[in-house]
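Participant: Below is one structure. I have some questions about it.
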Amino acid sequence: MSKNIRKSTGKEESWHKYEMESLESYKLQKQGKKNEFVSLDTGEGEISKFVPLDAWENADSKKEEIENNLLGTQEKISGIEQEAYEKSFAQGEKDGFEFGEKKAIKIIENIENIFNEIASLKHDVLKQQEREIIDLIFAVAEKIVHHEVRSKESVIKNAILDALKLAVEKSKVVFNVNPDDYDYVEKLRPEIFNQNKGLKSIIVTSDPGVSRGGCYLETPYGNIDATIESKLEKIYQCLQESVE
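Following our numbering, the numbering of the sequence shown begins with 9 at its first residue and continues without gaps.
Following this line, the structure appears as structure tokens:
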């Protein structure tokens, strides 16, 4: 009986020992994997110190995590830059349009001012030319008139008769005429009396201040300027008024 018990105990001890050895072997194997090393090539033909494999794996994982974080950060930065660019472009486009619009308005105003100045200048030039033309016409007319009065004695005759028509009281009159017209006017006495029934007295005086072809009439109620100069002045005033 006792022999059987001992045998049985010996087997149990042997099995227990085997289990312990297996467990220890497993622990050592596991520990060995943890302590495995890898070598790094420095690129210069030398081998660096050994690094634990799990540390290398952790480094790769950390590197990948950092790269992912950097990629995400770069994408965010790119998005922010794009958004800022679009906003700046839109604002710049708006500011540029407003600036261009203001500049265009200013240019249009300048053009309008130039046109107004040209129109005003044209008007002034035309007015100046009109006055110059009138002066030229008057100068030519004056020469023609003086030529006519020198060549035609009838000019002084018409001047005297026209002046008498304007006189209110013509019973006594005095004719002031150019010395060159004096003799001719004296010869007109009969004709002047015949055409003016109320006329009683005529006095003819020689006045160098009166141009030939004209006369200065004196009456008891006023004087009448029938000189060539006064007639030309009236014509000149009428021409000036016609262009104003």
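The beta carbon of each residue, even a glycine, is placed where N, CA and C say it ideally should be.
Keep in mind the model is a prediction, meaning the values are calculated, not measured.
1. Are residue 207 and residue 179 closer than 8 Å when you measure CB to CB?
2. Would you mind stating whether residue 220 and residue 191 have Cβ atoms separated by less than 8 Å?
3. Exposed or buried, what is residue 173 when buried is set at 16 or more other beta-carbons lying within 10 Å of its beta-carbon?
4. Kindly identify the DSSP beta-bridge partner or partners of residue 223.
5. Tell me whether the segment 193-208 and the segment 149-168 touch, counting them as touching only if at least three CB pairs, one residue from each stretch, are closer than 8 Å.
6. For residue 164, write down the residues that DSSP places opposite it in a beta bridge.
7. Taking contact to mean at least 3 C-beta pairs separated by less than 8 Å, is the segment 210-228 in contact with the segment 240-247?
8. Taking 8 Å as the cut-off, decide whether the C-beta atoms of residue 185 and residue 214 are in contact.
9. Is DSSP giving residue 205 helix, strand or coil here?
10. Using the Cα positions of residue 135 and residue 144, report the straight-line distance between them to the nearest angstrom.
11. Could you give the distance in angstroms between the alpha-carbon of residue 124 and the alpha-carbon of residue 113?
12. Which residue wins for smallest C-alpha separation from residue 176, given the options 228, 210, 141?
13. Residue 243 and residue 157 look like a contact to me (Cβ under 8 Å); what is the Cβ gap, rounded to whole Å?
14. Any heavy atom of the ligand NAP closer than 7 Å to the CB of residue 124?
Facilitator: Result, derived from the coordinates:
1. yes
2. no
3. exposed
4. 185, 234
5. yes
6. DSSP output for residue 164 lists no bridge partner at all.
7. no
8. yes
9. coil
10. 14 Å
11. 16 Å
12. 228
13. Actually they do not touch by this definition, with Cβ atoms about 15 Å apart.
14. In the structure on display, the ligand NAP does not appear, and there are no ligands present to speak of.
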